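Heads up: the structure comes next, in structure tokens.
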Amino acid sequence: MSRLPAIAKTVGVVFVAGSLVFLGHALLEHRSDLAGWRPSAGVLAGLTALALAYGAALYLLAEGWHRIVGLFGPEPRSRSWPSYTGTLVARYLPGNVAHVIGHAVWLRGGPLSKADLTRASVLELIVTPMGAMLALLLLLPVLPVGGIAEALGTTVAAIWTGIALGVGLAGFGMSLLLRRKAKGLALRAVLAPVCLATLFMLVFAGIFAAVLQLVAETSVVLSMAVGIAAWVAGYATPGAPGGIGTREALIAALLGGASASADVLLGALVFRVVTTVGELACFGSGFVLSRVRRRGKAAEKKGRLGSAHTV
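Under our numbering, the letters of the sequence shown match residues 334 to 644, in that order.
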């Protein structure tokens, strides 16, 4: 059992390496088209706005983390939000799991025990992908399933069956984990965090579709679904910091037949830049808000001490 994490990481590294090879080949194949891309001022302004919107959307996950922590004990947003925003960069070095663990490490020394913080971290690892699954489920009725089946060389029935089985098994597995790992909590106890995660995923997908519309001609709904699927793949791949390589490779592979491959590849790369800028914006805003909060508390404490001396 102790060898499973090492095996999973090795498989993840191999998968990331394969994704990077795929991307490298695609970049070489379309290097002339990519080198010729010159975004207009309007496109750059749009991408900047989307990056800031993504940074703001990350606060949905920060609030979800706050609600998860609140299931185990009282913790103010002045600590729970910075514990999320302040560890965003950890998803790149060393990786996604470190980002989640970082939230709990940040909150040590507070009212929650180490055991409760561990339970909260496990719960977050479950809740966020559950939100992605639900977002995909909401998009299913308007997805061009026939076109997807044709591109994948399969049938519509097989697509629906696979999605239904995947969602059902994921929901069942997450329910079991919730009951065993999180003090016997029922699914209704994490309804708010799951809803926040689902909303974030829909916003994430919308931003991805908007980025693609700026650089490529693709179906908006299909782009949204592929964006969520790519996020899940990057999130679930051990050894893929921030899903780098895995996410872009899956986007290029799934949307390559929906429009010009060079445009899709460009869209995937531009989206990586957009999300990175958004994460840095969220990290920076969280840092500023945290400092303002600390200074306010220090000034308040100084004022109380001054009043006491006066009396």
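Just so it is clear, CB atoms sit at the ideal spot from N, CA and C, and this is done for glycine as well. All figures in this text were calculated on a predicted structure; none of them were measured in a lab.
1) Among ALA490, PHE505, VAL523, whose alpha-carbon lies nearest the alpha-carbon of ARG452?
2) Taking the straight line between their C-alpha atoms, what separation do you get for MET334 and ALA437?
3) Going by the CB atoms, is the gap between TYR417 and LEU393 shorter than 8 angstroms?
4) Step through the CB atoms of chain C and report whether any lies within less than 8 angstroms of the CB of LEU502.
5) ARG441 by DSSP, collapsed to three states: which one?
6) Counting only the same chain and skipping the five closest in sequence on each side, list residues whose C-beta sits under 8 angstroms from that of PRO477.
7) Tell whether a beta-carbon distance below 8 angstroms holds between VAL607 and VAL536.
8) For HIS624, which three-state DSSP category applies?
9) Alpha carbon to alpha carbon, what distance is there between GLY539 and LYS562?
10) Terminal residues of the continuous alpha helix (DSSP H) containing ILE401?
11) Rounded to the nearest angstrom, what separates GLY617 and ILE584 at their Cα positions?
12) With distances taken Cα to Cα, identify the nearest neighbour of GLU408 among GLY619, ARG624, PRO444.
13) Candidates LEU383, SER454, GLY375: which alpha carbon is nearest ARG605's?
14) Excluding the 5 residues preceding and the 5 following GLY397 in the sequence, name in chain order all residues of the same chain whose CB lies nearer than 6 angstroms to its CB.
15) State the DSSP-derived secondary structure class of GLY617, mapped to helix, strand or coil.
16) Can you give the Cα-Cα distance for SER454 and SER373, rounded to whole angstroms?
Concretely, from the data shown:
1) VAL523
2) Confidence at MET334 is low in this model, with a pLDDT of 42, below 50, so its placement is unreliable and the value that follows should be read with caution. Each residue's alpha carbon lies about 25 angstroms from the other.
3) no
4) Looking at the structure shown, chain C is missing, and only one protein chain is on hand.
5) coil
6) SER552, VAL554, LEU555
7) no
8) Sequence inspection shows Arg at residue 624; the His mentioned does not correspond to that position. Correct three-state label for ARG624: helix.
9) Residue 562 is actually Ala in this sequence, not Lys. Going by the C-alpha atoms only, they are around 13 angstroms apart.
10) 374-403
11) 28 angstroms
12) PRO444
13) LEU383
14) PRO526, LEU529, ALA530
15) helix
16) 43 angstroms
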